[in-house]
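Structure first, then comments.
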Amino acid sequence: MDWFPLFNSIRIAAISTVIIFFVGIFAAYYIAKTPRLVKGVLDVFLTLPLVLPPTVVGYLLLRVLGPKRIIGAWFLKVFGLKLTMTWWSAIFATTVVIFPLMYRTARGAFESFDETLAYSAQSLGLSNTYIFWRIRMPYCRQGILAGTVLAFARALGEYGATSMICGYTPGRTATISTTVYQLWRTNDDGMAFRWVLVNLAISFVVLLAVNMLEKRTGRQKGGA
Amino acid sequence: MSIFVDIEKNLGSFHLKVKLEAGDETLALLGASGSGKSMTLKCIAGIEKPDRGRIEVDDVVLFDSEKHINLTPQQRHTGLMFQNYALFPNMTVLQNIRAGASREPDKKKREAAVTAVMDSFGLTPLANHLPSQLSGGQQQRTALARILVSNPRILLLDEPFSALDNHLRFRLEQEVRQTIADFGKTVLLVSHDRDEVFRLSDSIAIVNDGTIEAFGTKAEVFARPQTRKGAMLTGCKNISKLECLGAGQIRATDWDMVLDVPMVSPDTRAVGIRMHDIRPGQGKNGFRCQVVEEIENPFSYTVMLKPVNSACSCPIGWEMEKYVWQKLRAPEVSVCLPPESLLFLKE
């Protein structure tokens, strides 16, 4: 059995989760501070990928990143780089699809933050960077952790936009989800079933990890 | 060592306009919730920005709208304590207090300061506890220690006892009084509890609807609260509208009583008397009153009175020690409202 799709899926999901961890958190943090109207508009715009069919996301991405489109053509001309049909093209698709998951959960977590903690810390002379990483983030740890794991799991399972932007090339762009579809389409039911089992195992481990993390933080917070 | 504040801030329907000054003393801002007293503290600490004005602490300008000075909360060195104490929940007592000492660059000095303050507040045995494992009193001590180790120029205490059970309050109030005395600089105390304010402060500013209605030493403010709201906040429960009759007489319309009074200024709109300032027997401003209701308190009686054959719409409350009422108890009693105990109030 060729394990490339597993490796490829994990690397795509991991890279896009790391990117979205930071982008999602900072978007959530700064957008929460904007005036209501701006917040409302940005909120709709940034949550859109959550409700759009992944194929629509894929279509829109191809519309800008394709070799004959604005950004895609520019990259091809300047760097000689084709943005589609490579393994890392999938990262464009997954980041866009998982962004709302991270953004939404992080914003929910930040909104529950007790601002008096930040005010007190400022008065004690602690820098805003310290407050963000050492007080705000630990306080919102559970929500942010849940968002990260959800985003990772969603990235691992991304199919629609990914298949449109990087297709299915065995050994090059194949991911678990595109492989399952390809194997089923070519009547290789046995192999397809094996990959389904792999996928189930990964999801199981991820959810188990979330539960265990939640239990541990729950004990820490509970106290005596 | 002093504070000077003269600020204005518009918050939609609410307008804050506060001017106050204090030396090395405890100044209490006494007001109902939503009166603007907490907002004033936040403006001083730099969490909220006033629209106009000037804030100075120890001759350092923290805010000046004309000169475009607006120090960050970090630069202001104000020791702000919230009613929930705002201890960092993910840090132990020791880490919380270390966070307060972060301005001290020298590590040895910092650790020495942390150890000293933990010792003096009796927190050393609790060093590794999380805030959630502490009692209300221990949380307050940790919060005070964390603030004092940061070397503030001024203490700003926002309702320091409102999160505590009644029986703890009194004991912790004594601890805070000691802390304030040791601190020796300006302390601003925000509270709605007149007893607490009276026990802890030297001066009082009565805050109502965004402005300071009365300002003075606590004795002055309690003796002459100036306004209806001030009288209520300092605990005066008998207040009536008045009508000037001339010749040193007024009619308290809600009580239906004609009272002999000293000179009253023309903007006086109401008259008040504290429940324990009413005297039994005959004398100046004496009335024969009918007992409308008798209310037993844990250690006193409150008797609601109404002049006999009157159109009194709002009975007067008279509070006295239990044994006094047990001796006097009757369906009708004679009482007097001594002119020197009457409070003359603006609206």
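Protein chains in written order, with our numbering: chain B, 1 to 224; chain U, 1 to 347.
Each residue gets a CB set at the ideal place from its N, CA and C atoms; glycine is no exception.
Short CB-CB distance (under 8 Å) between residue i and chain B
| i | result |
| --- | --- |
| P266/U | no |
| R141/U | no |
| I47/U | yes |
| G199/U | The amino acid at residue 199/U is misidentified as Gly; the sequence shows Arg. No, no contact with chain B. |
| R153/U | no |
| R110/U | no |
| R146/U | yes |
Residue range of the unbroken beta strand (DSSP E) whose run includes residue i
| i | result |
| --- | --- |
| K54/B | As written in the sequence, residue 54/B is Pro, which differs from the Lys given in the question. Where P54/B is concerned, there is no enclosing beta strand (DSSP E), although the alpha helix (DSSP H) it sits in stretches over P54 to L65. |
| G23/U | Here G23/U belongs to no beta strand (DSSP E), and DSSP marks it neither H nor E. |
| P307/U | S300 to P307 |
| R52/U | R52 to V57 |
| R251/U | Q249 to A252 |
| I47/U | Looking at the DSSP string, I47/U is not in any beta strand (DSSP E), and its letter there is neither H nor E. |
| M85/B | Here M85/B belongs to no beta strand (DSSP E), and DSSP marks it neither H nor E. |
Sequence-distant residues of the same chain with beta carbon closer than 7 Å to residue i, five excluded per side
| i | result |
| --- | --- |
| V303/U | V291, E294, W318 and W325 |
| S163/B | T178 |
| P49/B | V57, V96, V97, F99 and P100 |
| S310/U | D256 |
| A231/U | P225, I239, G272, L343 and L345 |
| N10/U | D51 |
Below-8 Å beta-carbon distance, residue i vs any chain U residue
| i | result |
| --- | --- |
| I135/B | yes |
| G223/B | Since pLDDT at G223/B reaches only 37, below the 50 mark, its modelled position is unreliable, and the value read off the structure follows with that caveat. Yes, because at least one Cβ of chain U sits closer than 8 Å to the Cβ of G223/B. |
| L126/B | yes |
| Q142/B | no |
| T116/B | yes |
| R219/B | At R219/B the pLDDT is 49, less than 50, meaning the model places this residue with poor confidence and gives no usable figure here. |
The alpha helix (DSSP H) enclosing residue i, as first and last residue numbers
| i | result |
| --- | --- |
| V149/U | Here V149/U belongs to no alpha helix (DSSP H), and DSSP marks it neither H nor E. |
| S177/B | I176 to R185 |
| T179/U | N166 to F183 |
| V261/U | Careful: V261/U lies outside any alpha helix (DSSP H) and carries neither H nor E. |
| K9/U | Note, K9/U: premise wrong, no alpha helix (DSSP H); beta strand (DSSP E) at I3 to L11. |
| M164/B | G160 to C166 |
| G40/B | R36 to V51 |
| K218/U | K218 to A223 |
Contacts that residue i makes with chain U (C-beta to C-beta distance below 7 Å)
| i | result |
| --- | --- |
| Y139/B | P89 and N90 |
Contacts around residue i, its chain only, beta-carbon distance under 6 Å, and the 5 residues preceding and following it disregarded
| i | result |
| --- | --- |
| M102/B | I20, G24, G147 and A151 |
| T268/U | F344 |
| F222/U | T234 |
| L157/U | M81 and L189 |
| Y159/B | S177 |
| E111/U | none |
| A224/B | With a pLDDT of only 33 at A224/B, under 50, the local geometry of the prediction cannot be trusted, and no value is derived from it. |
Collapsed DSSP secondary structure at residue i in the structure displayed
| i | result |
| --- | --- |
| F7/B | helix |
| E296/U | strand |
| I244/B | Since the displayed chain B opens at 1 and closes at 224, residue 244/B lies outside it and no answer follows. |
| R279/U | strand |
| L87/U | coil |
| K221/B | Note that K221/B scores a pLDDT of 47, beneath 50, so its modelled location is shaky and nothing firm can be said. |
| I225/B | Outside the modelled stretch of chain B, which goes from 1 to 224, sits residue 225/B, for which no answer is possible. |
| L71/U | coil |
| L233/U | helix |
| L345/U | strand |
| C140/B | coil |
| W318/U | strand |
| Q290/U | strand |
| S313/U | coil |
| M118/U | helix |
| K33/B | coil |
Chain B residues whose Cβ lies nearer than 7 Å to that of residue i
| i | result |
| --- | --- |
| P315/U | What P315/U touches in chain B: nothing, since even the nearest Cβ is about 43 Å away. |
| G100/U | L124 |
| R194/U | Near R194/U there are no residues of chain B at all, since even the closest Cβ is about 25 Å away, more than 7 Å. |
| N103/U | The sequence as given places Arg at residue 103/U; Asn does not occur at that position. Residues of chain B passing the Cβ test: G125. |
| S150/U | L124 and G125 |
| R288/U | Those do not exist, as R288/U stays about 56 Å from chain B at its closest Cβ, beyond 7 Å. |
Neighbourhood of residue i by C-beta distance below 8 Å, restricted to the same chain and skipping five residues each side
| i | result |
| --- | --- |
| T227/U | I206, N208, E213, A214, L345, K346 and E347 |
| Y130/B | A121 |
| G222/B | Residue confidence is low: G222/B scores 41 on pLDDT, short of 50, so the model does not pin down where it sits. Its coordinate-derived value is still stated next. There are no such residues. |
| S62/B | The residue asked about is misnamed: residue 62/B is Leu in this sequence, not Ser. Closer than 8 Å at Cβ, skipping near neighbours: R69, T84, M164 and I165. |
Partners in chain U for residue i, counting only beta-carbon separations shorter than 9 Å
| i | result |
| --- | --- |
| S112/B | Going along chain U, no residue has its Cβ under 9 Å from S112/B, so there is no contact; the nearest lies around 12 Å. |
Contacts of residue i in chain U (Cβ-Cβ under 8 Å)
| i | result |
| --- | --- |
| Y119/B | K42, A45, I47, P73, L80, F82 and A86 |
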